[in-house]
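Enquirer:
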Amino acid sequence: MTDLATYNFAYLDEQTKRMIRRAILKAIAIPGYQVPFASREMPMPYGWGTGGVQVTAAILGPDDVLKVIDQGADDTTNAVSIRAFFQKVANVAVTTKTKDATIIQTRHRIPEEKLGEGQTLVYQVPIPEPLRFLEPRETETRKMHALEEYGLMHVKLYEDIARNGHIATTYAYPVKVEGRYVMDPSPTPKFDNPKMHMSDALQLFGAGREKRIYAVPPHTQVVSLDFEDHPFEIQHFDKPCALCGAEQVYLDEVVLDDRGGRMFVCSDTDHCEDRRAHGHVGHLLAQEAAE
Amino acid sequence: MYVAVKGGEAAIANAHRLLADRRRGDRSLPAISIAQIVAQLGLAVDRVMAEASLYDRSLAALAVTQARGDMIEAIFILRAYRTTLPRFGYAQPVDTADMKIERRVSATYKDLPGGQLLGPTFDYTHRLLDPSLLEDGPVDEPEQKDVGDAVTMRVSEILAGEGLIEPDGMLPEDHVPGDITREPLEFPLNRDLRLQALARGDEGFLLALAYSTQRGYARTHPFAGEIRIGEVEVEMDIPELGFAVSLGRIRVTECQMVNQFSGSAKQPPQFTRGYGLVFGQSERKAMAMALVDRALRAQEFGEDIVAPAQDEEFVISHSDNVQATGFVEHLKLPHYVDFQAELDLVRRMRREHVAAKSQGPKPDMKEAAE
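These protein sequence lines are chains A and B, in that order.
In terms of the numbering used here, the first sequence opens at residue 935 and continues consecutively.
In terms of the numbering used here, the second sequence opens at residue 376 and continues consecutively.
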């Protein structure tokens, strides 16, 4: 029992990796189409990034530089855990710098910095089916995709507007890929949707529990669903980041006290640190320096 | 001053150190050995083996102690190990008719060839706490009837002799049994895949579904035709040798339910079957599995699908406790990016609500409503 803990490079055996790579290739060939794959049990729980981890494990080579983020940050506990996993099972170089990474595994965010050619963004996906909450049956939703029958989704968005005056979807906002498949961008805030469009980077999506892989190859159209009179729009924040002064970035709201005190800071921690290293100062840091 | 939360790594390491401490507990007490768990918590070990789909008592016991007795956690640990094992072949179907029987009961016949054999059962025990177990007193050696090597006829065979029950499930001659651990599930499933999924399904979930069929949500009029527990031989064909060799014996629990008959103008009425087969000794699971299997055959018999237990996609998609626990528990991971997006929208809608109240409906909202 002592030799139990010997595992292949990047944990998965080569046969499994080959099976996953085939699914990835198929996914790249049919942008936005959900390819079923024989997802394995991983040593972390389903729902905690097993799909992303399997995709990363299948594409990772010894020369890759890996970055792992959760909620935009490199230091959230699950990101730390997944990064440590790949250091342990693949002894791979890791970084927190977006531009230095060849593979970035992410949960819920796309980095603020524009991704370039040769970079791969691996998304962890909980529910890959954009139609799931409109139709719970897989047998039905697969048919709907095959027939390009997306009317239900437009009705849902229309009903949102009728009821609330807004499309009430703020994250996991559905997109249409290359004019064909409606796709779930994973639960990233809709703020990040435009970054997927015509990206120079390869975007891979892994859903372990639901056993699906899908992809957006570089330079592919990704269009958020909307209406002519209710065009898609992203979130805007009233204030810049309190630490680095960045505008047009996604911010986290941090509760400072029990008297309603709030501050807004970059969700992308690497981006924020990089800006501060280059001399950008937000109002809270400036205020502190003045004290 | 707000400091971005750093040190996730140290926090995780410390948490795991504390976990290790709590797992071991009071150091002045001797640690429980794997052998003790295998010997004295055998049914816990059985459940872990069954739902992890790996027949290895020592590893299952290791998982139980590593998981501090949390069964689903132990199942998860053993599954994650199982998935890394190379697949060097598929065994022959086990022959449960040839089982070395330790327990065998039938609720449909008073007496039958091979007899009723109670075996090591909790049935008819009075569930009174037993203070004598507080001391490690002597335990009597068991007295067992020697069943020898005689093959014990299945109850379903007795019924089949008269044509009273449908034959054992048959798949086309060229059908290769599927493998849910190697292929993604695609609905609708064949019964082979469905039974595989049920065999590793969560005992509690299947129990509740089975119970629901008894209370009228897809009633199937079941009789426990036969439950048998014992060891069966696992054999595998070795191509180089040209014959099957024995890999060893495993203990299994099998349940054959005899259910509501069906018939038509062409076919005389026959009882139908529900089937359950589980690693180790787990009657509850095998019986629940058999009831759910029968309920899921509704379409095959042209029965109306009116209840959850008959809905294949619903049952099989949610029966795996490793998947279920992961996804339910993932809600404790940070979701603040998405929550921020919702906060932003709700605040905006509240502002608009207040404004609309003081000014009347906004023109664009009216338009959308039209």
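Where a beta carbon is used, it is the ideal one built from N, C-alpha and C, also for glycine.
The region 385-419 of chain B: which residues have C-beta closer than 8 Å to a C-beta of chain A, in chain order?
Expert: Flagged, chain order: Ala386 and Ile387.
Enquirer: By the criterion of Cβ-Cβ separation under 8 Å, what are the contact partners of A:Arg1143 in chain B?
Expert: What A:Arg1143 touches in chain B: Gln698, Gly701 and Phe702.
Enquirer: DSSP on B:Lys741, reduced to helix/strand/coil?
Expert: In this predicted model, B:Lys741 has a pLDDT of only 48, less than 50, meaning its place in the structure is not dependable; the value taken from the coordinates is given anyway. Here B:Lys741 sits in helix by DSSP.
Enquirer: Where does A:Pro1119 land, buried or exposed, given buried means 16+ other C-beta within 10 angstroms?
Expert: Buried is the call here.
Enquirer: Between which residues of its own chain and B:Glu717 is the CB-CB distance below 7 Å, once the five residues before and five after are set aside?
Expert: So no residue of the chain qualifies.
Enquirer: Does B:Ser481 come out as helix, strand or coil in the three-state DSSP assignment?
Expert: It is coil, neither helix nor strand.
Enquirer: How would you label B:Gln715, buried or exposed, when you count the other beta carbons within 10 angstroms and need 16 or more for buried?
Expert: Label assigned to B:Gln715: buried.
Enquirer: Between the alpha carbons of B:Phe636 and B:Val423, how many angstroms are there, rounded?
Expert: Approximately 35 Å, taken between the alpha carbons.
Enquirer: Taking its Cβ as the centre, do 16 or more other Cβ atoms sit within 10 Å of A:Val989, making it buried, or is it exposed?
Expert: Classification for A:Val989: buried.
Enquirer: If you compare alpha carbons, which of A:Leu994, A:Gly981 and A:Glu1162 is closest to A:Ile958?
Expert: Here the closest residue by C-alpha is A:Leu994.
Enquirer: Any idea if B:Ala449 is buried or exposed, counting beta-carbon neighbours within 10 angstroms, 16 or more meaning buried?
Expert: B:Ala449 comes out buried.
Enquirer: Under three-state DSSP, which class holds B:Leu394?
Expert: In this structure, B:Leu394 counts as helix in the three-state DSSP scheme.
Enquirer: Any chance you could list the beta strand (DSSP E) runs of at least 3 consecutive residues sitting entirely within the region 1102-1129 of chain A, in chain order?
Expert: Within the region 1102-1129 of chain A, the complete beta strand (DSSP E) runs of at least 3 residues are 1109-1111 and 1115-1117.
Enquirer: Could you give the uninterrupted runs of the alpha helix (DSSP H) lying entirely in the region 1122-1172 of chain A, keeping only those of 4 residues or more?
Expert: DSSP runs (the alpha helix (DSSP H)) wholly in the region 1122-1172 of chain A: 1127-1130.
Enquirer: Would you list the residues sitting across from B:Ser733 in a DSSP beta bridge?
Expert: Answer is none; B:Ser733 lacks a bridge partner.
Enquirer: For the alpha helix (DSSP H) that B:Val607 lies in, which residues bound it at each end?
Expert: Counting along the chain, B:Val607 falls outside any alpha helix (DSSP H), though it belongs to the beta strand (DSSP E) covering Phe598 to Ile613.
Enquirer: Expressed to the nearest angstrom, what Euclidean distance is found between the alpha-carbon atoms of A:Ala1232 and A:Ala1007?
Expert: The first residue shown for chain A is 935 and the last is 1225, placing residue 1232 of chain A beyond what the model contains.
Enquirer: Tell me the start and end of each unbroken beta strand (DSSP E) in the region 641-674 of chain B that is at least 3 residues and wholly inside, in chain order.
Expert: Taking only runs of at least 3 residues, the beta strand (DSSP E) segments lying wholly in the region 641-674 of chain B are 645-654.
Enquirer: Roughly how many whole angstroms lie between the Cα atoms of B:Lys641 and B:Arg672?
Expert: Straight-line Cα distance between these residues: approximately 20 Å.
Enquirer: Please name the residues in the region 636-647 of chain B whose beta-carbon is closer than 7 Å to at least one beta-carbon of chain A, in chain order.
Expert: Those residues of the region 636-647 of chain B that come within reach of chain A (Cβ to Cβ, closer than 7 Å) do not exist; the list is empty.
Enquirer: Which runs of the alpha helix (DSSP H) fall wholly inside the region 963-999 of chain A and span at least 4 residues, in chain order?
Expert: Whole alpha helix (DSSP H) segments, 4+ residues: 984-993.
Enquirer: Between B:Gln715 and chain A, is there a C-beta pair that is closer than 8 Å?
Expert: B:Gln715 counts as touching chain A.
Enquirer: Residues of chain A with a CB under 9 Å from the CB of B:Phe654: which are they?
Expert: By Cβ distance, chain A contributes nothing, its closest Cβ being about 17 Å from B:Phe654, past 9 Å.
Enquirer: Would you say B:Ala673 reaches chain A, if we count a Cβ-Cβ gap shorter than 8 Å as a contact?
Expert: False, the Cβ-Cβ gap to chain A never drops below 8 Å.
Enquirer: Do you know offhand how far B:Ala525's Cα is from B:Ala535's?
Expert: The straight-line gap from Cα to Cα measures roughly 20 Å.
Enquirer: Can you give me the Cβ contacts of B:Glu608 inside the same chain, cut-off strictly under 6 Å, excluding the 5 residues immediately before and after it?
Expert: Excluding sequence neighbours, B:Glu608 sits near Ser621 and Arg624.
Enquirer: Would you report the Cα separation of A:Gln1169 and B:Arg457, rounded to the nearest angstrom?
Expert: C-alpha separation (whole angstroms): 45 Å.
Enquirer: Measuring only between beta-carbons, confirm whether A:Glu1167 sits less than 8 Å from chain B.
Expert: Not closer than 8 Å to any Cβ of chain B, the Cβ of A:Glu1167 fails to qualify, so no.
Enquirer: Between B:Leu434 and the rest of its own chain, which residues show a CB-CB distance below 8 Å, the 5 nearest in sequence each way excluded?
Expert: Cβ neighbours of B:Leu434 beyond the five flanking positions: Leu453 and Tyr456.
Enquirer: Report the rounded CA-to-CA distance for A:Leu1055 versus A:Met1117, giving the unit in angstroms.
Expert: Their backbone Cα atoms lie some 16 Å apart in a straight line.
Enquirer: Can you grab the Cα-Cα spacing for the pair A:His1042 / A:Asp1004, in whole Å?
Expert: C-alpha separation (whole angstroms): 6 Å.
Enquirer: In this structure, how does DSSP classify B:Ala585 when only helix, strand and coil are distinguished?
Expert: The answer is helix: DSSP assigns B:Ala585 an H, G or I state.
Enquirer: Verify whether the separation of the beta carbon atoms of A:Ala1027 and A:Val1002 is less than 8 Å.
Expert: Not closer than 8 Å, so no.
Enquirer: With a 10 Å radius around its C-beta and 16 neighbouring C-beta atoms as the bar for buried, classify A:Val1111 as buried or exposed.
Expert: Under this definition A:Val1111 is a buried residue.
Enquirer: Taking just the CA atoms, how far does B:Ala410 sit from B:Arg402?
Expert: Answer to the nearest angstrom: the Cα atoms are 19 Å apart.
Enquirer: Just grab the DSSP bridge partners of B:Ile625 for me.
Expert: DSSP lists B:Val607 as partners of B:Ile625.
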